[in-house]
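Below is one structure, written out as structure tokens, with a few remarks after it.
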Amino acid sequence: MQVSQGRREISKARVRATGVAALTALALVALPGVASADPEVLQSNDQLGLRFEKSSTPQPEGATTTVTVRTGDGKVVQTISEPFKGWLGGAAVELLDIDQDGRDDLLVQVDARVKDGKWAIWHAVGSNPKLSRVGVVDGHPESAGPGLIKADTEQGTVFYVIKGNALAPAPAPLPNRGSDAASLAKCAVVHSIRYARGLASRLPVTLRDRSRT
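Sequence positions in the sequence shown follow mature numbering (1 follows the signal peptide of the UniProt record, and there is no 0) and run -37 to -1, 1 to 176.
The following block contains the structure:
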């Protein structure tokens, strides 16, 4: 009886120790100021081949997103931090050549509480490994052509250009006038041919015969 009682006490102690360890681990994950252990890694596809290591530190109303930028040999060239407002999970981070200049730019989600979301754009230029923060846009930013950025929102599509180190509003691009003119010219030729054929079919037989000769 004493041996069985002793075994039960040991089992209870192990359960309590396991429970305390699990609660401690959960507390560390949710505790503000404690960063995530395993960062996410993104690799740029441009000529510099930079590595972007993203980690997230929980805060009372969201998290702080930290992106460590490294060269191909592991040297740290820049550390980027952005506050993130959201209820579940951490911020999304993406690489995209948003202005089609040959360099991958960094997009960091900063607010997921609104429908369209908000994103910070960090722009890369030339051979400089360091990126510059040019602004925040409502909606997910995408490339709309060389030098042009667009973001879709509930109010419609908004266009931007990068001037210096800042975003500036831009007008919507005009439709391709050349292709429109070519299409109109083609339609005019087809219409003229059809009109000529219809007119010829209405001529008297004698006139049609003379025209052939």
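Heads up, the beta-carbon is just placed ideally off N, CA and C, and yes, glycines get one too.
If you draw a straight line from the C-alpha of Leu70 to the C-alpha of Thr120, how long is it?
18 Å
Using the three-state DSSP reduction, which class does Gly98 fall into: helix, strand or coil?
strand
Could you work out which residue in Val99, Arg76 and Gly35 is closest to Gly53 when comparing CA atoms only?
Arg76
Does Val30 pass the burial test, meaning 16 or more other C-beta atoms within 10 Å, or should it be called exposed?
buried
Would you kindly check if the distance between the Cβ of Gly108 and the Cβ of Val124 is under 7 Å?
no
Is it buried or exposed, Ala114, if we count other Cβ atoms within 10 angstroms and call 16 or more buried?
buried
Spell out the partners DSSP gives Ser44 in its beta bridges.
Thr29
So, Ala87 versus Val73, is the Cβ gap smaller than 7 Å?
Not a contact, by the Cβ cut-off of 7 Å.
Between Asp115 and chain D, is the shortest Cβ-Cβ distance under 7 Å, so that the two count as touching?
In the structure shown, chain D does not exist; there is a single protein chain.
Put Val73 into one of helix, strand or coil per three-state DSSP.
strand
At what residues does the beta strand (DSSP E) containing Trp85 begin and finish?
That run of the beta strand (DSSP E) goes Lys81 to His86.
Where Pro21 and Trp50 are concerned, what is the direct C-alpha to C-alpha distance, given to the nearest angstrom?
11 Å
Alpha carbon to alpha carbon, what distance is there between Val39 and Glu3?
16 Å
Please report the residue range of the beta strand (DSSP E) in which Thr20 lies.
Arg14 to Gln22
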